[in-house]
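What follows is one structure encoded as structure tokens, with my remarks underneath.
Number of protein chains: 2
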Amino acid sequence: MSDLYPNHSFDIEFKDPKSRARIAKLKTPHGTIETPNYIFCGTKAALRCMTSKQAAEAGADIHLVNTYHLVVQPGADIVEKLGGAHGMTGWTGPMMTDSGGFQIFAFGEGTVADEIKGRRKQNPKEKLLLDITEEGAVFKSYIDGSKFILTPESSIDAQRKIGADLIYCLDECPPYHLDRDYMAKSMEMSHRWEMRSLEEFKRGADGSQGLYGIVQGGVYEDLRKASCDFVSSQPFFGTAIGGSLGVTVDQIYDEVVSWCMPNVPEDRPVHLLGIGSMRDVFKGVRMGIDTFDCVTPTRIARHGWALKKGEPNERMNLRNGRFRDDPTPLDETQDHYYSQTFSKGYLHHLIKSHEPLATHILSVHNIATMTRLMREVRASIKDGTLDQLEKEWLVD
Amino acid sequence: MSDLYPNHSFDIEFKDPKSRARIAKLKTPHGTIETPNYIFCGTKAALRCMTSKQAAEAGADIHLVNTYHLVVQPGADIVEKLGGAHGMTGWTGPMMTDSGGFQIFAFGEGTVADEIKGRRKQNPKEKLLLDITEEGAVFKSYIDGSKFILTPESSIDAQRKIGADLIYCLDECPPYHLDRDYMAKSMEMSHRWEMRSLEEFKRGADGSQGLYGIVQGGVYEDLRKASCDFVSSQPFFGTAIGGSLGVTVDQIYDEVVSWCMPNVPEDRPVHLLGIGSMRDVFKGVRMGIDTFDCVTPTRIARHGWALKKGEPNERMNLRNGRFRDDPTPLDETQDHYYSQTFSKGYLHHLIKSHEPLATHILSVHNIATMTRLMREVRASIKDGTLDQLEKEWLVD
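For the protein sequence lines, the chains are A and B, in the order given.
Residues are numbered in the numbering used here as their position in the first sequence, beginning at 1, plus a constant of 79.
Residues are numbered in the numbering used here as their position in the second sequence, beginning at 1, plus a constant of 79.
Written out as structure tokens, the structure reads:
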């Protein structure tokens with residue numbers, strides 16, 4: 080491994096005796112983060128309405144950008160010319176990119192992936208995925224309809240140009256409802272694509288990036304185990320649990336994640352793709368998940384929600400009229416300038432007035448809340464107080 | 080004057096021997112600003128997409144909020160309950176409010192005041208101004224059609240609840256195209272409204288606010304002079320040049336402002352209402368204008384424009400395809416984190432991607448640019464180099 084990843088490492092420092100939870104240091108060329116940690120989504124090389132510096136000030140240690148979106152606009156070559164995702168955003172810490180696969184296949188089903196909801200002007204039923212072959216996937220730009228092809232090789236090439244510290248193999252992400260036969264064939268093709276991704280990665284490896292393999296197999300236990308075996312057998316830096324994880328919390332954790340976790344390499348960081356409510360964090364860390372990513376913290380901010388420790392359903396709806404004349408701070412329990420300075424009544428007013436400042440304040444507050452959660456989770460794993468912490472954060 | 084304004088003062092520290100330009104200290108209960116200065120528009124108690132702290136970090140010394148907008152949503156009583164405009168926004172420096180008159184009459188003409196363009200959903204031809212009488216103005220909310228009445232007394236009352244340091248008399252703001260007879264009658268009514276504003280102000284004066292009188296009279300020299308005489312005769316803290324100033328730059332400065340400035344009290348601060356391009360600043364300060372306000376810096380940011388020293392037409396259009404792969408900083412001449420960190424190419428990408436971060440970055444950059452302009456203007460007045468500075472900033 081050290082040949083491929085001379086500047087990356089994953090050092091486990093503490094293991095919870097009561098669960099698979101663990102504390103580790105994940106080292107990358109742009110810095111080291113402590114895990115478990117949360118990877119915020121800066122989809123198009125922008126954390127929507129805050130600068131990366133503001134995210135850092137809110138405690139964020141790492142964020143990701145989406146290869147798919149950047150390939151479509153402005154294009155990987157321009158990203159490279161602009162200094163990569165680090166150069167564009169001014170972010171100096173670790174970054175991650177996905178392979179682009181998830182978005183292509185999410186759109187391929189004729190559904191609008193939530194990531195770009197509100198941006199897409201065309202018929203949401205229009206299929207953007209034109210063709211999937213052994214070679215790769217052909218898709219149309221959601222901006223102007225122009226045609227793109229994404230292959231394992233071109234995804235790695237694009238991710239190299241974007242320049243994140245942690246990158247991904249291209250995989251096929253079939254939707255939940257497809258049958259076991261399709262899933263098995265799809266998983267096999269994903270494995271071939273992952274091998275090609277790895278070969279392309281090796282061809283250009285310069286120590287700046289660490290490659291994650293992805294476990295596929297849908298909601299089928301034998302497929303998940305086979306996929307874990309495949310991923311374990313190859314020199315990936317990290318492991319990601321991807322594809323269809325299930326439709327209920329129980330299915331995700333009691334089945335899919337449970338099947339995978341005993342079968343992935345213990346000495347590699349494990350990322351759970353695209354999931355990250357507070358409840359997910361508590362469930363996931365106990366099962367050994369090291370990193371989470373989800374658009375939730377910034378997306379719900381755009382709809383007027385503030386995440387809060389100990390709040391039913393994890394969040395407050397500041398659009399609610401009961402906050403109209405409430406002069407108390409957004410979140411008096413949280414030590415962040417925004418949470419302390421702005422009142423619930425002011426946020427309610429900004430939302431009612433369609434002021435973009437509402438989204439900015441709530442997005443930063445929500446990132447501050449999730450980074451606080453992760454800090455407290457790490458501390459409680461070390462202290463053996465994770466159960467108690469969960470009761471403080473999650474309230475029915 | 081000192082009875083009414085024990086905590087306000089305006090001390091002229093330097094006069095340009097070649098023009099009416101002057102350097103002064105304008106003291107308010109929330110701090111002292113040096114003039115000439117620029118008052119940024121935080122219309123609905125929000126500088127659109129930045130916090131007031133970010134505005135302060137970009138050099139802003141003072142900003143205003145609009146009484147009209149806050150009366151309509153959330154209402155002056157709620158603003159008061161939320162700690163006034165200072166309490167809501169977390170701004171600790173001096174603030175100004177207008178009387179609400181401008182917006183009512185701008186909408187009264189059936190035109191959409193640009194301030195809320197993009198927010199109004201109803202027919203732009205719909206008249207929101209229902210009636211003007213000696214008592215005041217009756218108007219409909221642009222949000223839900225509910226009826227409001229604004230009188231000189233209710234405007235002062237609302238401004239007291241909002242709690243800005245510098246506030247305004249209610250005046251009528253008739254549009255440019257009305258004839259001299261209407262203008263004369265309107266001016267007379269404005270003067271009666273200003274007297275009523277002053278009486279209401281005196282009734283509740285507690286030393287926290289300074290009241291500006293407004294010079295009306297449209298584009299008629301004798302009316303402007305009569306209005307200056309009226310305003311000078313009353314114990315206002317400051318003087319504002321308001322109403323229809325003309326339709327060309329020449330008419331504004333060579334006529335209206337020229338007629339007024341020799342006839343307003345020299346020892347009071349003079350504010351030019353609603354005007355503030357870089358060119359306006361250079362023209363205005365030479366004629367003795369102490370403060371400017373305009374929505375331009377933040378409004379043009381929303382359309383992808385960056386203000387820049389020495390740029391033709393004062394600004395760059397970052398939507399332009401020539402910036403697509405330009406890795407140079409947004410403005411290498413400006414010592415602000417945003418101007419230095421983000422490239423023109425990144426801004427172009429954010430604009431093309433409809434990322435709200437573009438507006439945030441450009442708004443902050445534009446405020447930083449205007450505060451830099453004002454700092455350099457003040458320094459050059461003292462140095463006698465204002466002509467040279469104008470050549471550096473304004474390029475055809």
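Glycine residues also receive a C-beta, built at the ideal position from the N, C-alpha and C atoms.
Distance cutoff 8 Å, beta carbons only. Does residue i sit that close to anything in chain A?
| i | result |
| --- | --- |
| residue 169 of chain B | yes |
| residue 128 of chain B | yes |
| residue 123 of chain B | yes |
| residue 404 of chain B | yes |
| residue 439 of chain B | yes |
| residue 238 of chain B | no |
Could you say which of the options lies nearest to residue i if we only look at CA atoms?
| i | options | result |
| --- | --- | --- |
| residue 431 of chain B | B:415, B:461, B:399 and B:323 | B:399 |
| residue 471 of chain A | A:446, A:152, A:135 and A:393 | A:393 |
| residue 426 of chain B | A:325, A:164, A:327 and A:84 | A:164 |
| residue 85 of chain B | B:108, B:99, B:103 and B:352 | B:108 |
| residue 477 of chain B | B:83, B:364 and B:373 | Limits of chain B in this structure are 80 at one end and 475 at the other, which puts residue 477 of chain B out of reach. |
| residue 248 of chain A | A:239, A:437 and A:410 | A:239 |
| residue 401 of chain B | B:415, B:292 and B:424 | B:424 |
| residue 144 of chain A | A:160, A:159, A:174 and A:152 | A:174 |
| residue 268 of chain B | B:90, B:216, B:407 and B:440 | B:216 |
| residue 213 of chain B | B:157, B:168 and B:270 | B:270 |
| residue 378 of chain A | A:121, A:105 and A:96 | A:121 |
| residue 452 of chain A | A:356, A:280 and A:110 | A:356 |
Is the Cβ of residue i closer than 8 Å to any Cβ of chain B?
| i | result |
| --- | --- |
| residue 461 of chain A | no |
| residue 436 of chain A | yes |
| residue 456 of chain A | no |
| residue 200 of chain A | Since pLDDT at residue 200 of chain A reaches only 44, below the 50 mark, its modelled position is unreliable, and the value read off the structure follows with that caveat. Chain B, which has no Cβ nearer than 8 Å to the Cβ of residue 200 of chain A, makes this no. |
| residue 192 of chain A | Low per-residue confidence applies at residue 192 of chain A: pLDDT is 42, beneath 50, and the placement is therefore not dependable, though the value from the model is reported in the following sentence. Judged by the 8 Å Cβ criterion, residue 192 of chain A is not in contact with chain B. |
If residue i and residue j are in contact, beta carbons under 8 Å, what's the gap, nearest whole angstrom?
| i | j | result |
| --- | --- | --- |
| residue 527 of chain A | residue 116 of chain A | Nothing about residue 527 of chain A can be read from this structure; chain A reaches only from 80 to 475. |
| residue 295 of chain B | residue 250 of chain B | 6 Å |
| residue 442 of chain B | residue 129 of chain B | 6 Å |
| residue 469 of chain A | residue 361 of chain A | 5 Å |
| residue 186 of chain B | residue 208 of chain B | 6 Å |
| residue 446 of chain A | residue 344 of chain A | Contact flag wrong, Cβ pair sits at about 30 Å. |
| residue 339 of chain A | residue 303 of chain A | 5 Å |
| residue 385 of chain B | residue 395 of chain B | 5 Å |
| residue 99 of chain B | residue 321 of chain B | Contact flag wrong, Cβ pair sits at about 19 Å. |
| residue 461 of chain B | residue 93 of chain B | 6 Å |
| residue 456 of chain A | residue 391 of chain A | The pair is not a contact, with the Cβ atoms about 20 Å apart (cut-off 8 Å). |
| residue 428 of chain A | residue 152 of chain B | 7 Å |
So what does DSSP say about residue i, is it helix, strand or coil?
| i | result |
| --- | --- |
| residue 473 of chain A | coil |
| residue 366 of chain B | coil |
| residue 316 of chain B | coil |
| residue 153 of chain B | coil |
| residue 191 of chain A | Residue confidence for residue 191 of chain A is low, a pLDDT of 38 falling below 50, so the modelled location carries little weight; the figure read from the coordinates is stated next. Of the three classes helix, strand and coil, the one that applies to residue 191 of chain A here is coil, per DSSP. |
| residue 326 of chain B | coil |
| residue 468 of chain B | helix |
| residue 257 of chain A | coil |
| residue 234 of chain A | helix |
| residue 198 of chain B | In this predicted model, residue 198 of chain B has a pLDDT of only 38, less than 50, meaning its place in the structure is not dependable enough to derive any value. |
| residue 101 of chain A | strand |
| residue 440 of chain A | helix |
| residue 272 of chain A | helix |
| residue 385 of chain B | strand |
| residue 349 of chain A | strand |
| residue 283 of chain B | helix |
| residue 110 of chain A | strand |
| residue 92 of chain B | strand |
| residue 221 of chain A | coil |
| residue 208 of chain A | strand |
Residues of the stretch 412–433 of chain A with Cβ closer than 8 Å to any Cβ of chain B, in chain order | 416, 417, 420, 421, 422, 424, 425, 427, 428, 429, 431, 432 and 433
Taking only beta carbons into account, state which residues of the stretch 172–188 of chain A come closer than 9 Å to chain E, listed in chain order.
-> Of the protein chains in this structure, namely A and B, none is chain E.
Check distances from the C-beta atoms of the stretch 143–164 of chain B to those of chain A and list, in chain order, the residues that come in under 7 Å.
-> 152, 153, 157, 160, 161 and 162
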